[in-house]
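Encoded as structure tokens, the structure appears first; notes follow it.
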Amino acid sequence: MVDVAKWPIFSLMGPQELAVIRKACVFGTSANEAIYITSDDEVYVFGLNCSNCLGTGDSQSTIVPKKLDFLSGRKVVSLSYGSGPHILLATEDGELFAWGHNGYSQLGNGTTNQGAAPVLVSSNLLDKKVTEVACGSHHSMALTDSGEVYAWGYNNCGQVGSGSTANQPTPRRVSSCLQNKVAVSIICGQTSSLAVVDNGEVYGWGYNGNGQLGLGNNGNQLTPCRVLALQGLCVQQIVSGYAHTLALTDEGLLYAWGANTYGQLGTGNKNNQLSPVQIMTEKERIVEIAACHSTHTSAAKTQSGQVYMWGQCRGQSIVLPHLTHFTCTDDVFACFATPSVMWRLLYMEHDDFLTVAQALKKEFDNPETADLRFCVDGKYIYVHKAVLKIRCEHFRSMFQSHWNEDMKEVIEIDQFSYPVYRSFLEFLYTDNVELPPEDAIGLLDLATSYCENRLKRLCQHIIKRGITVENAFSLLSAAVRYDAEDLEEFCFKFCINHLTEVTQTAAFWQIDGNLLKDFICRASRCGAFKN
């Protein structure tokens, strides 16, 4: 599960504030601005506010989140940011809002005035439903539900796709060879644009100095051109870095092209690639790729959940995909990208969602759902037969039809104490044990009786952490009694290291004579009584 607090800008927010966040995006030249949407569809912003990119109506920075009342209640489905920064936001109703830097008309309102607050982008889009947005450095794109692509803003390299290099002040449909195509995805590099159409073809236009369009050359393109090197492949996801591109096919194959100064193509070198090359060929199927136009970082996730990163990672150039411990590609950008922005609008799981492990833990000792009670020392512990049978061989045998216990609603336990037996049952629900060392001895006895080896090891660990001069011999005696060899060796060495103090405790003189003789013999063999 993604933790938004991994991004430093969110670290000042408390648990209650973080709990209501459903979508979030960190952006800006230093990752110093953030926008988030709550569970009740309220939009909040905070941070440095460069170029009025927070949309608060003023140029003041804020460390305390401010609500954008104008967007209140609107369900956000897509969000992107430029380098100015400028912001594009699409709602569930298909409306498009823009604000922030506007030096090149990237807000699409026909002017170059800064956008201090969100404004509806309506020119040429009034009867259109926008489903996805993408921002380059200073240009913008929008995708409609009918598969049309619109672009506007800075156009010095043809990134608007209009056939010229004149800036485009309002949204204009990107036609040319996309005229009769149905686009399903759009993405921007700094000064380049790409689109994937419904049959998996990829088209690119704009700046191509590093080969980021994948056309086999480095000439800029003023209108969309098909990436012919991907012919025969069906691309399902495409992402762009500052000047490089990654594409993922429906068969889980990964291709990369463009700039490679930091190893962001993952080819093992730093040579630019003018055409797509396949990477990670020896790895398992890729299911997700990640990059964004403000970084030189790349990431990918495999079918089994492994996450790899490469490119510029905290100043280092990683030229081959490096396996991380992360569970999602978003964490790569939180921890290793420069700046540590988000590569996409981040979605958080709902607070009321429980994993299987969390749900089981919650139901332990719950009388409302339990179908069995254990009575220990006159106290009840509520459990579920099915869980006990799944988790413990002892109970699987006990709850067979020819055992009396299978028919009982209450089972009396008299050989173990209440704290010990409750901890055992709780362990079956949680895999955890929280007991003082003295009680852990009793649980060790139970684990030995029920042949629960993992529980036995946990008990030994608890006992080792809680050993003292006063209880060392009692613990040694328990380790011998329950055949816990590792624990016995640990307790023995502790007693030898503190021999004078241990032999003066009450526990030492209360132990069984045979155990005392065995201890003295072992101690003498290791030289404890020399001089």
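In terms of UniProt numbering, the sequence shown is numbered consecutively and its last residue is 531.
Beta carbons: idealized from backbone N, C-alpha and C, even for Gly.
Given the structure is predicted, the values throughout are model-derived calculations rather than measurements.
query	result
Could you work out which residue in N453, A337 and N471 is closest to residue 613 when comparing CA atoms only?	Nothing about residue 613 can be read from this structure; the chain reaches only from 1 to 531.
Quick one: residues in its chain with C-beta nearer than 7 Å to the C-beta of N271, no 5 flanking neighbours on either side, listed in chain order?	N260
Report all residues from its chain with a CB closer than 7 Å to the CB of T249; omit the five preceding and five following residues, and keep chain order.	L233, C234, V235 and Q236
To the nearest angstrom, how far is it from the Cα of C25 to the Cα of L425?	43 Å
Grab the span of the beta strand (DSSP E) containing M141 for me, first residue to last.	H139 to T144
Taking only the alpha-carbon atoms, compute the straight-line gap between N32 and V287 and give it to the nearest angstrom.	30 Å
Between which two residues does the alpha helix (DSSP H) containing P85 stretch?	First-last for P85: undefined, no H or E at that position.
Give the DSSP-derived three-state secondary structure of M309 in the structure shown.	strand
Sorted by chain position, which residues of the same chain lie with C-beta nearer than 8 Å to S72's C-beta, five sequence neighbours on each side aside?	D41, E42 and V43
Can you tell me whether K464 is helix, strand or coil according to DSSP?	helix
In three-state DSSP terms, what is E282?	coil
Looking at T302: is its Cβ nearer than 7 Å to the Cβ of E282?	no
In terms of residue numbering, what span does the beta strand (DSSP E) encompassing H244 cover?	H244 to T249
Can you name, in chain order, every residue of its own chain whose Cβ lies under 6 Å from the Cβ of N156, other than the five neighbours on each side?	T165
To the nearest angstrom, how far is it from the Cα of R173 to the Cα of N217?	26 Å
Would you check if the distance between the CB atom of Y203 and the CB atom of C135 is smaller than 7 Å?	no
If I measure Cβ to Cβ from I467 and keep anything under 8 Å in the same chain, skipping five residues before and after, which residues do I get?	P437, L475, F490, C491 and F494
If you run the structure through DSSP and keep just helix, strand and coil, what is A386?	helix
Is the beta carbon of G84 sitting closer than 7 Å to the one on K129?	no
Going by beta carbon distance, what residues of the same chain come within less than 8 Å of L12, once the five residues before and after it are set aside?	I63
Quick check: V376 and A291, are their CB atoms within less than 7 Å of each other?	no
Give me, in chain order, the residues of the same chain whose beta-carbon lies closer than 8 Å to that of E470; leave out the 5 immediate sequence neighbours on both sides.	T505 and A507
Report the rounded CA-to-CA distance for I186 versus S140, giving the unit in angstroms.	10 Å
Given a cut-off of 7 Å, decide if W205 and G241 are closer than it, judged by their beta-carbon atoms.	no
Figure out for me which residue from F473, K181 and A386 has the closest Cα to the Cα of W509.	F473
Buried or exposed: where does M407 fall if 16 or more other Cβ atoms within 10 Å of its Cβ makes it buried?	exposed
Below 8 Å on the Cβ atoms is my contact criterion, and I expect G153 with Q106 to pass it. Report the Cβ-Cβ distance as a whole number of Å.	3 Å
V182 and G214: beta carbons closer than 7 Å?	no
From T324 to E132, what does the alpha carbon distance come to, in whole angstroms?	30 Å
Within 10 angstroms of its Cβ, does N52 collect 16 or more other Cβ (buried), or is it exposed?	buried
Any chance you could list the beta strand (DSSP E) runs of at least 3 consecutive residues sitting entirely within the region 294 to 358, in chain order?	297 to 302, 307 to 313 and 316 to 323
Determine which residues share a DSSP beta bridge with C225 and list them.	G204
Is it buried or exposed, C521, if we count other Cβ atoms within 10 angstroms and call 16 or more buried?	exposed
Helix, strand or coil: which one does DSSP assign to S72?	coil
Looking only at C-alpha atoms, which of H461, D69 and I9 sits nearest to G28?	I9
Skipping 5 residues on each side, what residues in its chain have a beta carbon closer than 7 Å to that of D365?	I381 and Y382
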